[in-house]
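See structure below.
There are 2 protein chains.
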Amino acid sequence: MNAPTPPEAAFSIAAVERDTGLAKDTLRVWERRYGFPAPTRDANGERLYPPEQVEKLRLIRRLIDHGRRPAGVVGASIDELASMLDSCLCPELASSGREDGLLQLVRLHRSVELNAALRQALMKQGLQRFVADTVAPLAAAVGEAWMRGEVEVPEEHLFTEQVQNVLRSAIGAHATPGGRPRVLLTTFPEEEHVLGLLMAEAMLVPEGVACLSLGTRTPLADIRSAAVGGAFDIVGLSFSIAYPARQAIDGLLELRALLPDSIAIWAGGAAVRDKHKRLPGIRVVGGLDDTLAALRDWRAEHP
Amino acid sequence: MNAPTPPEAAFSIAAVERDTGLAKDTLRVWERRYGFPAPTRDANGERLYPPEQVEKLRLIRRLIDHGRRPAGVVGASIDELASMLDSCLCPELASSGREDGLLQLVRLHRSVELNAALRQALMKQGLQRFVADTVAPLAAAVGEAWMRGEVEVPEEHLFTEQVQNVLRSAIGAHATPGGRPRVLLTTFPEEEHVLGLLMAEAMLVPEGVACLSLGTRTPLADIRSAAVGGAFDIVGLSFSIAYPARQAIDGLLELRALLPDSIAIWAGGAAVRDKHKRLPGIRVVGGLDDTLAALRDWRAEHP
DNA sequence: AAAGTCAAATTGTCCAGGACAAAACACGTC
DNA sequence: GACGTGTTTTGTCCTGGACAATTTGACTTT
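Taken in order, these protein sequences are the chains called B and U.
For what it's worth, the numbering used here labels the leading residue of the first sequence as 1, then goes sequentially.
For what it's worth, the numbering used here labels the leading residue of the second sequence as 1001, then goes sequentially.
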């Protein structure tokens, strides 16, 4: 009655939806329009997607997230997709991860060494530089490698978990409960990436900011009640690259209308970068270092 | 083109799916069969669900998760639902949370006090008793309160985040990289509750076990490759109450077939409790204290 | 050359209503 | 109680059509 386990070596449409993030309706309409994917059928007439097609769909998904349009990528051959992929990756990112060796630790399942290396870097650099100079580039490198298909799900999970462990305990050590401003951090309901929030928190906490993270996926109305009820000065939202820009903008404007003017909204992440013009009343944070600039601005205006 | 923002005070079918966890198809078929929900339509003929109906759907969802069947709950009045709710809650749980006062801290948005109280309890009790005697009952109480509708999304997020922070830093302090056995912890792809994993890890790490958590939502094939590639002795899976029992059993048996006999499988959580008979070759862990019993058993067999 | 305007093409989501297998239930038997 | 067997309930999948939101691209105006 619930999503059936994919039998042997083929995936049901529900499994493909889960693995690729493409809605069932979208998968069916692509098949109708572009002739791809072209699943076989089981005895019951239901779609069965071979693993290669699922893999190709994942690739297509990544390209679309990077701005391509379906007409150009659905129906292209594997080789064409691979060359498109190369053209939208910046080579220096991948290499920066390789040079410092941390990406290798992610790749090779070396969780213990990865953890040790992260903690060592944290000690050496301090929390803020650790986040800006080590975690963020590493996250970008992992993202790139994942897009190239060079890392799999478990490596990505491993990386996220280990970074979370290190960041959460470091943030706990710096916590300044009575500080100002009071910042509420979370994401919109469709966004489940947590590292952006943790990185922002790690940048702010050493500055004496009182941060509260609600974790991911908070409904808009609940953000409002938490922000107002908790007397927060700033609400910080994080958007990963996969988040649809339009949705981010609509949501932010709606939230802006929901919150009193005395509460500032900060938005960061790839989906809102350069969208400053379309977001009146919202501080678009361009990167981790810009978080500190935003904080300086806020403090200048609130003596 | 993407999930539209719900206008004013009514929800699109996509928004309801997100908020309630009920698939669009299920919502449409309930409407056809039971006459509920009964959304209005917009100018375009698309369903618009009023907030009361969404709230009622959430209630129904909870009752179904606790074993009721749709025929009995979809179409019942609010009062009937409320009385059903009472009959499937165990009163002592809610009260245990109230007595120690921690649940109050969750309710009132007192994040700072909650964090302090958790850390204090941790110091006093030690990691294992803290998890078994404080975190687990509190999690159960929050679950009950959520089911009664007495806590909202942000409170639940707040609770999860704060507990995560405390547990992760405590686990980090206890870490014993070279220990035995080597345990890999994760959940199946449909399961996103992380606290069960963290509690298990917190029970095991002080015993000198080398734990690696992959976080939630790991595909079966990836669990296999991580377990074999990392030379793990045990794979631990966690299932929350909302996880369909049948799916858990199928998945576990499939994983059992995938893994060599030398790697043990432990399964814990409400969804697999009392399913021991249907899970040959798998150690069903009945609760947090049973985790330690399972560990003792394993060590007795692997001198 | 930059910026605005507007029609055409693209694209994701929604709808209806039928079908069916898996799960839960009820009941009789060992 | 444990175990088959028939019945009902229930979630998911299917087809093919429709449409609004977006993007594209050609054209006009500053």
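No residue lacks a Cβ here, since even glycine has one placed at the ideal position from N, Cα and C.
Please read all numbers here as calculations on a predicted model, not as lab measurements.
- A Cβ-Cβ separation of about 7 Å places residue 1270/U in contact with residue 1239/U under the 8 Å criterion.
- Taking 7 Å as the upper bound on Cβ-Cβ separation, chain U lies near residues 212, 213, 214, 215, 218, 219, 222 of the region 203–224 of chain B.
- Taking a Cβ-Cβ cut-off of 8 Å, the neighbours of residue 1018/U in chain B comprise 189, 190, given in sequence order.
- Note: residue 212/B is bridge-paired with 184/B in the DSSP secondary-structure output.
- With a threshold of 8 Å between beta carbons, residue 230/B makes contact with chain U.
- Put simply, the CB of residue 177/B is near chain U, with a gap under 8 Å to one of its CB atoms.
- Inclusion of residue 1197/U and residue 1212/U in the CB contact set at 8 Å is not warranted, their separation being larger than that value.
- Judged by pairs of C-beta atoms under 8 Å, the region 1156–1172 of chain U touches the region 1116–1129 of chain U, as three or more such pairs exist.
- Contact between residue 109/B and residue 1075/U is ruled out by a C-beta separation of about 51 Å, above the 8 Å threshold.
- Annotated three-state conformation of residue 1036/U is coil, per DSSP.
- Residue 1137/U has a beta carbon lying at 8 Å or more from every beta carbon in chain B.
- Its chain contains 1239, 1248, 1284 as the residues whose beta carbon lies nearer than 6 Å to that of residue 1272/U, once the 5 sequence neighbours on both sides are disregarded; these appear in chain order.
- Contact between the region 1047–1062 of chain U and the region 1010–1024 of chain U is present, with at least three C-beta pairs closer than 8 Å.
- The DSSP assignment places 245–258 as complete runs of the alpha helix (DSSP H) inside the region 224–258 of chain B, in order along the chain (cut-off: 4 residues).
- Taking the Cβ atoms as the reference, residue 1245/U lies roughly 17 Å from residue 1266/U, outside the contact range of under 8 Å.
- With fewer than 16 other CB atoms across the displayed protein chains lying within 10 angstroms of its CB, residue 87/B is exposed.
- Under DSSP, residue 1217/U shares a beta bridge with no residue.
- With 16 or more other Cβ atoms from the protein chains shown falling within 10 Å of its own Cβ, residue 224/B counts as buried.
- Residues of chain U with a Cβ closer than 7 Å to the Cβ of residue 157/B are, in chain order, 1214, 1215, 1218.
- Taking a Cβ-Cβ threshold of 7 Å, none of the residues of chain U is close to residue 44/B; the smallest such distance is about 16 Å.
- From the listed residues 1253/U, 1181/U, 1050/U, the smallest Cα separation to residue 1302/U is found for 1181/U.
- Here residue 37/B is not near residue 48/B, since their CB atoms are 8 Å or more apart.
- Apart from sequence neighbours up to five positions away, the residues of its chain that approach residue 1221/U with a beta-carbon distance below 8 Å are 1258, ordered along the chain.
- About 6 Å separates the CB atoms of residue 151/B and residue 107/B; that is less than 8 Å, so the two are in contact.
- Pairing residue 1012/U with residue 1046/U gives a Cβ-Cβ distance under 8 Å.
- Around the beta carbon of residue 1173/U, fewer than 16 other beta carbons lie within 10 angstroms, which makes this residue exposed.
- Annotated three-state conformation of residue 158/B is helix, per DSSP.
- The Cβ atoms of residue 134/B and residue 203/B lie no closer than 8 Å to each other.
- Not one beta carbon of chain B lies nearer than 8 Å to the beta carbon of residue 1029/U.
- Of all residues in the region 1040–1069 of chain U, none places a beta-carbon less than 9 Å from a beta-carbon of chain B.
- Within chain B, the residues 213, 214, 215 have their CB atoms less than 7 Å from the CB of residue 1161/U, given in chain order.
- For residue 1282/U, the number of other beta carbons within 10 angstroms of its own is at least 16, and it is reported as buried.
- If you check the CB distance, residue 260/B and residue 219/B do not come in under 8 Å.
- With 16 or more other Cβ atoms inside 10 Å of its own Cβ, residue 1156/U counts as buried.
- Note on residue 40/B: under 16 other CB atoms within 10 angstroms of its CB, so exposed under the neighbour-count rule.
- Residue burial is scored here from C-beta neighbours: residue 154/B has at least 16 other C-beta atoms within 10 angstroms and is therefore classed as buried.
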